[in-house]
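The structure under discussion appears below in the form of structure tokens.
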Amino acid sequence: MGEDIANLEIRLLLEGVHQVYGYDFRDYAEASIRRRLTHWLAESGFETFSEAQSRLLRDRAVFESLLAGITVNVTEMFRDPAFFRIVREQVVPFLRTYPFVKIWHAGCATGEEAYSMAILLEEEGLGGRYRMYATDINEAVLQKAGEGVIPITEMQRFTRNYQKSGGKSSFADYYTARYDRAIVAPELRKNIVFAPHNLATDAEFGEMHMVLCRNVMIYFKAALKERCLKLFDTSLLPGGFLCLGLKETLENRKLGERYEELAPSSRIYRKRYV
Ligand SMILES: C[S@@+](CC[C@H](N)C(=O)[O-])C[C@H]1O[C@@H](n2cnc3c(N)ncnc32)[C@H](O)[C@@H]1O
Numbered sequence: 005m006g007e008d009i010a011n012l013e014i015r016l017l018l019e020g021v022h023q024v025y026g027y028d029f030r031d032y033a034e035a036s037i038r039r040r041l042t043h044w045l046a047e048s049g050f051e052t053f054s055e056a057q058s059r060l061l062r063d064r065a066v067f068e069s070l071l072a073g074i075t076v077n078v079t080e081m082f083r084d085p086a087f088f089r090i091v092r093e094q095v096v097p098f099l100r101t102y103p104f105v106k107i108w109h110a111g112c113a114t115g116e117e118a119y120s121m122a123i124l125l126e127e128e129g130l131g132g133r134y135r136m137y138a139t140d141i142n143e144a145v146l147q148k149a150g151e152g153v154i155p156i157t158e159m160q161r162f163t164r165n166y167q168k169s170g171g172k173s174s175f176a177d178y179y180t181a182r183y184d185r186a187i188v189a190p191e192l193r194k195n196i197v198f199a200p201h202n203l204a205t206d207a208e209f210g211e212m213h214m215v216l217c218r219n220v221m222i223y224f225k226a227a228l229k230e231r232c233l234k235l236f237d238t239s240l241l242p243g244g245f246l247c248l249g250l251k252e253t254l255e256n257r258k259l260g261e262r263y264e265e266l267a268p269s270s271r272i273y274r275k276r277y278v
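Read in this note's numbering, the sequence shown has 164 at position 160, and its numbers run on one by one without any break.
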């Protein structure tokens with residue numbers, strides 16, 4: 005009974021959020037959004053979702069705290085180093101054949117994935133020949149991404165990731181340490197545009213050579229995953245690359261047959277020309 009009412013309250017709450025703020029979380033995977041919302045409720049001081057609802061719909065600050073509670077923003081530099089090694093060894097040779105390369109990072113969180121890619125492209129001689137669009141639903145994380153601040157406590161782990169990914173220089177060359185923070189070198193930031201974009205409601209980006217959407221769709225139900233994949237497919241040029249997280253795949257997806265996986269289990273898919 006209690007469980008049923010909480011489920012109903014969550015459905016009503018997500019409906020209200022959609023109608024008032026235009027953010028659509030109705031197609032997020034149920035178990036995970038319920039877990040996140042229950043945690044948010046415990047922190048919020050409200051007794052029940054129904055009690056939270058009336059404040060939520062009237063007070064944008066309460067909505068912002070809910071948004072921060074729903075989205076999982078965990079990320080790291082050179083996350084899954086083997087993935088970046090394959091990009092370096094097997095994707096870059098194709099990218100080099102274009103005069104200019106456009107890349108979309110969908111669900112970029114605090115920007116570490118885009119900065120990692122910028123380091124890789126610079127080392128591979130593509131400096132000045134690329135533009136990245138790094139987008140997220142959560143404007144608070146985008147703000148951090150734009151500032152290029154990385155937690156200094158993580159630097160040892162990130163350095164190991166960088167080395168495992170085939171990094172050619174010293175990772176310390178790419179940031180300046182200031183007290184408890186590391187600031188990403190300005191030349192890595194200049195080719196990245198950070199912007200808000202909602203995969204549940206917004207449109208595609210045009211003529212991309214590469215789209216990365218890693219560790220984002222795991223939180224979505226099947227219909228929303230299909231929407232995202234269609235968006236990426238429309239955004240990608242023929243011969244372009246779609247990169248998913250290690251737990252995500254194009255297998256059993258409608259668009260799967262239009263793509264070919266670059267290396268087994270790499271989750272890097274190349275769009276066919278026909
Ligand atoms: C776990 S992080 C992944 C970050 C990075 N791609 C990586 O793999 O390290 C997931 C990100 O997806 C974002 N996100 C969730 N729902 C979204 C949506 N509907 N549209 C755009 N971004 C979304 C979250 O705000 C979060 O920053």
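Virtual Cβ for every residue (Gly too), placed ideally from N, Cα, C.
A quick note: this is a predicted structure, and the numbers were derived from the prediction, not measured.
- DSSP, read as helix, strand or coil, puts ALA181 in strand.
- By alpha-carbon distance to LYS258, the top candidate from ILE37, LEU235 and PHE245 is LEU235.
- Given a length threshold of 4 residues, each whole run of the alpha helix (DSSP H) inside the segment 53 to 104 is given here in chain order: 53 to 62, 64 to 74, 85 to 90 and 96 to 99.
- Here HIS43 is exposed, its C-beta having fewer than 16 other C-beta atoms within 10 Å.
- Secondary structure of PRO190 (DSSP, three-state): helix.
- Annotation for ARG262: ASP237, LYS275 and ARG276 place their beta carbon closer than 8 Å to its own, counting only its chain and skipping 5 residues before and after.
- Counting of Cβ neighbours within 10 angstroms places THR79 among the buried residues, the total reaching 16 or more.
- In the three-state reduction of the DSSP assignment, ILE141 falls in the coil class.
- Checking the 6 Å criterion, the Cβ of GLY260 is out of range of every heavy atom belonging to ligand 1.
- MET212 has its alpha-carbon roughly 28 Å from the corresponding atom of TYR179.
- With contacts defined as CB atoms closer than 7 Å, TYR166 and PHE82 qualify as a contacting pair.
- Counting only runs of at least 4 residues, the segment 205 to 274 fully encloses the following alpha helix (DSSP H) elements, listed from N- to C-terminal order: 226 to 239.
- Taking the CA atoms as reference points, VAL197 sits about 24 Å from ARG182.
- The Cβ atoms of ALA33 and LYS225 lie closer than 7 Å to each other.
- Counted as a single uninterrupted DSSP element, the alpha helix (DSSP H) harbouring ALA122 occupies residues 116 to 127.
- Per the coordinates, the alpha-carbon of ARG59 lies some 10 Å from the alpha-carbon of ALA65.
- Less than 7 Å divides the Cβ of LEU216 from the Cβ of CYS247.
- Contact check for ILE187 against GLY152 passes: the beta carbons are separated by less than 7 Å.
- PHE104 counts as exposed, since fewer than 16 other beta carbons sit within 10 angstroms of its beta carbon.
- In terms of Cβ geometry, ALA118 and ALA144 do not form a close pair [threshold 7 Å].
- The Cβ-Cβ distance between ILE222 and LYS251 falls below 7 Å.
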